[in-house]
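J.:
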Amino acid sequence: MFFAYEVVSNLALGHLKGFLERGEDVNNIIDSNHTGFWLNANVGYLPGQSRWFSNYYFLWVMTKLGSNFSAISDWIDGAVANGRRGHSSISRGPDLLQHFLNMSDGDGNPVSDEEVASEIGNVLGAGADTTGILIMATIKYLIENQSDYCRLQREVDAEHRRLQLSAGQEIRYTDLAKLPFLFAVVQESLRLHPSIVYQLPRESLKSGTTIRDQLIPPGVSISVSAAAVNRSVDVFGSDADAWTPQRWMEQNAGGGGDSSFTLESSLMTFGRGSRGCIGKNLALVEAYKYTASFVRNFDASFIDPKKNGTVTSYWFAKIEGVDVALTSRLA
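Take the sequence shown: its position 185, counted from the start at 1, is 219 in my numbering, and no numbers get skipped.
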């Protein structure tokens, strides 16, 4: 999770917050984000819910309950203020914050700090946990299935040798994206454990909507669970509930063959169509890079095989309590 937050922090704000260096949830930012999404999932249906989150007494109660609800918003607001004053954190070029600060509205006026903070919040709030959960799920499934763990190690090691890289060099994403079993492992993890399980609703058209010959009246909320679609036996077969990365390799990996194309086009983890996740490509880069580096550098096993983690579902399907023993392979 710390890795994913650092990547998105650097991309969005142009600096590393220190999650990896310090090995902790800096200023309880991650916990604050989790609290916010938990509240959205559970309070979001109440009338006038948006006013709750800006109510002083509501925030005071949340603080007394142990939730630093404002930590992530305080971080973002501070970054926006610094960016507005021209305090750049990096020299390699503009980050997303600078891009948002340079935006203007339809009349050519600069956008407000509140609008910039909202855009940055979308990047940080939606882009870090989702990818962190994907990476954790992938590693967890591999540890549970050691034959696949070893198979992926062999594939990554072979690619490292093919590219004639030195011991400290990492494989570039463009090369990792061509590895068929790594592709299969990440796809299967995306399928079995979608990071977002909240059924983001849409409203049927004013003229009504027809789904499978069933007329849905106008103005009706419609939602679908990615977890349910991803485990459809009609698409993924009778073993849809099982970890089987080989299903993605039945024909040409990456969607080249009819079978794998059908599977990939049916995957709902990132959504579909115009409302699909715009951060999909970044998430895949992180997952490929982290997973390949992890299995190349370490052998891994659960400290207690009976305690392989629990999943808490509200907005995210958060994985907790996974204690892992690591042994260096390259020392």
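By construction, the Cβ of each residue, glycine as well, lies at the ideal position given by its N, Cα and C atoms.
#1: State the start and end residues of the unbroken beta strand (DSSP E) segment that holds Gly112.
#2: Looking at the strands, I want to know which residues DSSP matches up with Gln248.
#3: Is the beta carbon of Ala359 closer than 8 Å to that of Ala334?
#4: Hey, is the stretch 186-195 in contact with the stretch 152-163, meaning 3+ C-beta pairs nearer than 8 Å?
#5: Got a sec, what are the start and stop residues for the alpha helix (DSSP H) Asp141 sits in?
#6: Is it the case that the Cβ atoms of Ala262 and His227 are separated by a distance below 8 Å?
#7: Which residues bound the alpha helix (DSSP H) around Lys314?
#8: Could you tell me the alpha carbon to alpha carbon distance between Asn44 and Ala38, rounded to whole angstroms?
#9: Note down the Cα distance separating Phe71 from Tyr348, rounded to an integer number of angstroms.
#10: Which one of Val329, Ala105 and Thr361 has the shortest CA to CA distance from His194?
#11: Grab me the residues of Gly242's own chain with a C-beta within less than 7 Å of its C-beta, minus the 5 sequence neighbours each way, in chain order.
#12: Within 10 angstroms of the Cβ of Ser225, are there 16 or more other Cβ atoms? Answer buried if so, exposed if not.
#13: What is the rounded straight-line gap between the Cα of Gly310 and the Cα of Phe304?
#14: Per the contact definition of three or more C-beta pairs closer than 8 Å, is the stretch 163-183 in contact with the stretch 308-322?
#15: Under 7 Å Cβ to Cβ from Asn74, same chain only, skipping five residues before and after it: list those, please.
#16: Where does the unbroken alpha helix (DSSP H) through Ala218 begin, and where does it stop?
T.: On the basis of the coordinates in this document:
#1: Residue numbering aside, residue 112 sits at position 78 when the sequence shown is read from its first letter. Taken as a continuous stretch (DSSP letters only), Gly112 belongs to no beta strand (DSSP E), being part of the alpha helix (DSSP H) at Ala105 to Arg118.
#2: Locating residue 248 in the sequence shown gives position 214, counting from the first residue. Beta-bridge pairing links Gln248 to Ile245.
#3: Translated into positions along the sequence shown, residue 334 becomes position 300. Translated into positions along the sequence shown, residue 359 becomes position 325. For Ala334 and Ala359, yes; Cβs fall inside 8 Å.
#4: no
#5: The residue labelled residue 141 in the question sits at position 107 within the sequence shown. No alpha helix (DSSP H) contains Asp141, which DSSP labels as neither H nor E.
#6: Counted from its first residue, the sequence shown places residue 262 at position 228. Counted from its first residue, the sequence shown places residue 227 at position 193. Contact flag unset, no.
#7: If you number the sequence shown from 1, residue 314 lands on position 280. Taken as a continuous stretch (DSSP letters only), the alpha helix (DSSP H) holding Lys314 covers Lys314 to Asn331.
#8: Position 10 of the sequence shown, counted from the start, is the residue given in the question as residue 44. Position 4 of the sequence shown, counted from the start, is the residue given in the question as residue 38. Taking the straight line from one Cα to the other gives about 10 Å.
#9: The count along the sequence shown starts at 1 and reaches residue 71 at position 37. The count along the sequence shown starts at 1 and reaches residue 348 at position 314. Answer to the nearest angstrom: the Cα atoms are 8 Å apart.
#10: Looking up residue 194 in the sequence shown gives position 160. Answer by Cα proximity: Val329.
#11: The sequence position of residue 242 within the sequence shown is 208, counting from 1. Result list for Gly242: Leu249, Ile250, Pro251 and Pro252, in chain order.
#12: Numbered from 1 along the sequence shown, position 191 holds the residue referred to as residue 225. Looking at the sequence provided, one finds Arg at residue 225 rather than Ser. So Arg225 counts as buried.
#13: To locate residue 310, count along the sequence shown from 1; it is residue 276. To locate residue 304, count along the sequence shown from 1; it is residue 270. Gly310 and Phe304: Cα-Cα distance of roughly 6 Å.
#14: yes
#15: Position 40 of the sequence shown holds residue 74. Hits under 7 Å: Trp349.
#16: Here residue 218 is taken as the residue at index 184 of the sequence shown, counted from 1. Run containing Ala218: Pro214 to Leu226, per the alpha helix (DSSP H) assignment.
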